[in-house]
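Engineer: Take a look at this one; I'll ask things after.
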Amino acid sequence: MNRTIPVIIKLALFCVCLLSRASVHSAQEHPSAYVLETIELPDDLRMEVSGMASLPDGRMAVAIRRGEIWIMENAGEAGLSGAGEFRPELWKLVSGLHEPLGLSFHEGWLYTAQRSEFTRVQVPGPGIDGGSSQSSGGGVRVGTAGTGWGLSGNYHEYAYGPVFDHDGRAWVTLNTTIGRGLDNPGARWSGWRGWALSYRIHPGLPSIEFSAAAHGLRSPSGIGVTREGDVLATDQQGNWIPTCSLLHLNQGGTPWFGHRDSIYSIPGPDSPLHDVIPDDLDSTRVGFEAVYSGQGGASGITIPEAMLRIPGYRPPAVWFPYRTMGMSATGMAQDQTAGDFGPFDGQLFVGEFTMSMILRVQLERIRGQLQGTCFRFVDGLNSAAFRLEFGRDGTLFVGQTNRGWNSLGNRAYGIQTVRLDPARGQQVSEVHSIRATPRGFRVRFTDVLQSIPEPGDIPINAYTYWLHAAYGSDKVGEFIPVITGVKPVVEDGAGVGISAASAIDLEVSPLTRGYVYEFDFSRISLAGNRAITNPVGCYTLNVIP
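Sequential numbering of the sequence shown, starting at 23, is according to my numbering.
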C-alpha cells in the first residue's frame, strides 16, 4: 500500500459537508441547435474540474485538482427550479487527494487516479445529511485500489483515469517525464511512463498486478470506454507526437503509438515486447538511423512509412489537425442518450484545452481497425474543456480548468452545460458522418440536401505528418485529391426524418493510407437553405475498405 495513503485517509475520513447553492445563466446563443449555459458556483469554491462521473441516481460526482471530490445533487433537469434556473446542491465528499485527474463510478464506488496510485472512495446514498456513509459509521471509506508505476517528482508525471472496460478491468494512462529522456539516468525513477496499464480489481485489496496494455503515449489526458467495448485515449502534440490524436488502446497485442520514451519500461531482455519496436533503439534492424537521431524535419519518417516499416507501430484512429481541430485534446464522452442530445448517438465528444471548445468524433471499424472523422462542435467556452460527462437527462456537462496552461475564455475554471435547444432541436445542421468506401467516401448530413453539389463545390486536401523527435509536425506530403464523381444517396429510415437525398457518395482519387483527408462543406446547404454549422471534417484514412 502506498505510504501516503494513511495520511489521505485521515484527511478524508470525516467529509466536510458544505452545502451551497449554484445557479445558471445562459451565455450568448451559440449559432447552432444547442444551448450553452454556465453554472454559477459560489465565489469561494475553486471548481477546477479534473474528473466527472454520473451516478446511477442522477447525481454528478466532480473531482477537482485541489484534491477534492464533490457531489452535485439534482444534476440536470431535476435541478431546474420553477423559474427555470439550474440550482444543484453541492457538498464535499472527500479531500486530501494528490491531484486527482479522472473519476469513474463502478459497483458502488468512485475511483480516481492520483499521482502515485488510483483510489477508491465509497459513495454515500442520496439524501444522507453531510454525505455520511450508512455503512461506515459516519465516515467515508477511502483506500488504495491500484498502484505499481514509478514517480521521480517531475511535474509532468500525471496519471489519468481510471475507466472500467466491459470485463471489469480498470485502465490508467500515464504521462511521460518531460526533460528526462532515455539517455538521462533520472528516467530510471519513472517506470511505465507513457504506458496504459489495465488492472484486475480485487475487492478490499490494493492491486499491483496489471497488464502493460499499450505504450508510446506522451500526455494521454483523456481516457474512455465506449459501449462497444473499445478503450480509447486522447494524446497531445509534443516530441514524437506530430499532432493531437485519438488512440485505440485495446485493439490487440501491445500497440506502440510512437513516443520513444516508453521503450525504457519494456520488461526483461527476453520480453516479446522487444519485437514491437527496434530493440534498445537498434536502428540497424529496420534502418531508422534518422528516426532516432534526435533530429527534426526531414530526418524523420512519415506516418505511412512508419505503418509499413515498424512492426508494432499503430497509427491513431483519428488525428486532430493542429489549430483546425484544436491544440490540446482532453477528456471524452460518448453520446448514449438515444437521441436526447440530437442525431449523434454513438459518437464521441472530445474536450479541447487551449482553444476552449468541444470536438465531435465519428468512428467506424474497417477490418477490425478504428478510424474516422473529427469535426468542431461547440466553441466559445469560458475556459479549457478538460472533462466531459453526460447527465441522465441528455445534458452534456463540461468541466473546466486552465491550471498550468493558458486557454481562451474569461474564466479559469467552472462547469458549463450543452443541451439540445427544444425550439431548434429538429434543425441540427451538421455533417453527420464521413465513411470510407472502396472508391472514396460516403458523406451523410443531418437533413436533406437543398441541392446536389458538383465536385467543385467541395474543396478537399490531404496530408500526413512526420514521426520524429522534434516537437510536433507540420503537415507534409500535401496534395489535392480529385473528386471525380458525386452521387446522391437516399437513406430512408435513417432516423432523421428524410424523404430525399441526405447523403452523397464521393469518388475520390487517390486514396492513400496514413493520410488525413480534409473536406470543406461550407458551399453546401441543407433543407430550407440552411448553412452547415461546422462544415470542416477531417477523416483519418488508415484502412481502405
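Just so you know, even glycine gets a beta-carbon here, dropped at the ideal spot from N, CA and C.
Bear in mind that the values here come from a model prediction, so they are computed numbers and not experimental data.
Around the C-beta of P365, are 16 or more other C-beta atoms found within 10 angstroms, so that it is buried, or is it exposed?
Structural biologist: Buried is the call here.
Engineer: Output the distance between the C-alpha atoms of I200 and L173, rounded to the nearest integer angstrom.
Structural biologist: Distance between the alpha carbons of I200 and L173 is about 12 Å.
Engineer: Taking C-alpha atoms, which residue in W131, P122 and V145 lies nearest to W113?
Structural biologist: The shortest C-alpha separation from W113 is found at V145.
Engineer: Among residues of its own chain, excluding the 5 on either side of G190, which ones have a beta-carbon nearer than 7 Å to its beta-carbon?
Structural biologist: If we look at G190 and ignore the five residues flanking it on each side, its Cβ neighbours are I223.
Engineer: Thinking just about the alpha-carbon of each residue, which of D401, Q448 and E529 is nearest to the one in T439?
Structural biologist: Residue D401 is the option with its Cα nearest to T439.
Engineer: Exposed or buried, what is N432 when buried is set at 16 or more other beta-carbons lying within 10 Å of its beta-carbon?
Structural biologist: Per the 10 Å Cβ criterion, exposed.
Engineer: Could you name the residues of the same chain whose beta carbon sits closer than 6 Å to that of I566, not counting the 5 residues immediately before and after it, in chain order?
Structural biologist: L533.
Engineer: Taking 6 Å as the limit between beta carbons, can you name the residues of its chain near G251, skipping five residues before and five after?
Structural biologist: Once the five neighbours on either side are set aside, the close Cβ partners of G251 are H188.
Engineer: Within its chain, find whatever has a CB closer than 6 Å to the CB of Y493; leave out the 5 residues flanking it on each side and keep chain order.
Structural biologist: These residues qualify, in order along the chain: G260 and N261.
Engineer: Roughly how many whole angstroms lie between the Cα atoms of G73 and S284?
Structural biologist: Cα-Cα distance, rounded: 25 Å.
Engineer: For a quick check, are the C-beta atoms of A553 and S451 less than 8 Å apart?
Structural biologist: Contact flag set, yes.
Engineer: Hey, could you find the ends of the alpha helix (DSSP H) A328 is sitting in?
Structural biologist: Counting along the chain, the alpha helix (DSSP H) containing A328 begins and ends at I325 to R331.
Engineer: In the DSSP assignment, find the unbroken beta strand (DSSP E) run with H237 in it and report its ends.
Structural biologist: Note, H237: beta strand (DSSP E), F232 to H237.
Engineer: Helix, strand or coil: which one does DSSP assign to P477?
Structural biologist: Note: P477 maps to helix in three-state DSSP.
Engineer: Could you tell me the alpha carbon to alpha carbon distance between P326 and V498, rounded to whole angstroms?
Structural biologist: About 11 Å.
Engineer: By the three-class DSSP mapping on this structure, what secondary structure does G149 have?
Structural biologist: Note that G149 scores 45 on pLDDT, short of 50, meaning its location in the model is unreliable; the coordinates nonetheless yield the value given after this. Reduced to three states, the DSSP call for G149 is coil.
Engineer: Using C-beta distances below 6 Å, list every residue in its chain close to Y335, excluding the 5 sequence neighbours before and after it, in chain order.
Structural biologist: So the qualifying residues of the chain are W278 and A328.
Engineer: Taking Y56 as part of the beta strand (DSSP E), name the residues at either end of that continuous run.
Structural biologist: Here the beta strand (DSSP E) through Y56 covers Y56 to E62.
Engineer: Taking the alpha-carbon positions, what's the Q422 to G361 distance?
Structural biologist: Straight-line Cα distance between these residues: approximately 25 Å.
Engineer: Specify the secondary structure class of S547 as computed by DSSP and reduced to three states.
Structural biologist: If DSSP states are grouped into helix, strand and coil, S547 belongs with the strands.
Engineer: On the premise that F375 lies in contact with A407, defined as a C-beta separation below 8 Å, what is that separation, rounded to the nearest angstrom?
Structural biologist: Yes, they are in contact, since the Cβ atoms of A407 and F375 sit about 7 Å apart, within 8 Å.
Engineer: In angstroms with no decimal places, state the Cα-to-Cα distance between D479 and I546.
Structural biologist: Roughly 7 Å between the two C-alpha positions.
Engineer: Please report the residue range of the beta strand (DSSP E) in which Q144 lies.
Structural biologist: Unbroken beta strand (DSSP E) run through Q144: F140 to Q144.
Engineer: Do you know offhand how far E500's Cα is from Q393's?
Structural biologist: So the alpha carbons of these two residues sit roughly 20 Å apart.
Engineer: Fully enclosed by the region 412-448, which alpha helix (DSSP H) runs are 4 residues long or longer?
Structural biologist: For the region 412-448, not a single whole alpha helix (DSSP H) run of length 4 or above is found.
Engineer: Using DSSP's beta-bridge definition, name the partner residues of H270.
Structural biologist: According to DSSP, which records beta bridges pairwise, H270 is partnered with L254.
Engineer: Under three-state DSSP, which class holds S635?
Structural biologist: Since the displayed the chain opens at 23 and closes at 567, residue 635 lies outside it and no answer follows.
Engineer: So, for E95: in the same chain, excluding its five sequence neighbours on each side, which residues have a beta-carbon less than 7 Å away from its beta-carbon?
Structural biologist: R81, P110 and E111.
Engineer: Give every residue of the same chain whose Cβ lies closer than 6 Å to the Cβ of G507, excluding the five residues on either side of it in the sequence, and list them in chain order.
Structural biologist: Cβ within range, chain order: E529.
Engineer: Could you pull the DSSP bridge partners for P510 from this structure?
Structural biologist: Beta-bridge pairing links P510 to I526.
Engineer: Taking the continuous beta strand (DSSP E) assigned at P184, which residues delimit it?
Structural biologist: From DSSP, the beta strand (DSSP E) with P184 extends over A181 to F186.
Engineer: Under the three-state reduction of DSSP, which class applies to S451: helix, strand or coil?
Structural biologist: If DSSP states are grouped into helix, strand and coil, S451 belongs with coil.
Engineer: CB-CB under 6 Å to R389, same chain, minus the five flanking residues each way: which ones, in chain order?
Structural biologist: Counting only Cβ-Cβ distances below 6 Å, and skipping sequence neighbours, we find V565.
Engineer: Give me the residue from W92, A434 and I91 with the minimum Cα distance to S426.
Structural biologist: Note that residue 426 is Gly in the sequence shown here, rather than Ser. It is A434.
Engineer: Which residues in the same chain have their Cβ closer than 7 Å to the Cβ of R446, if we skip the five residues on either side of it in sequence?
Structural biologist: Same-chain partners within the cutoff: A55.
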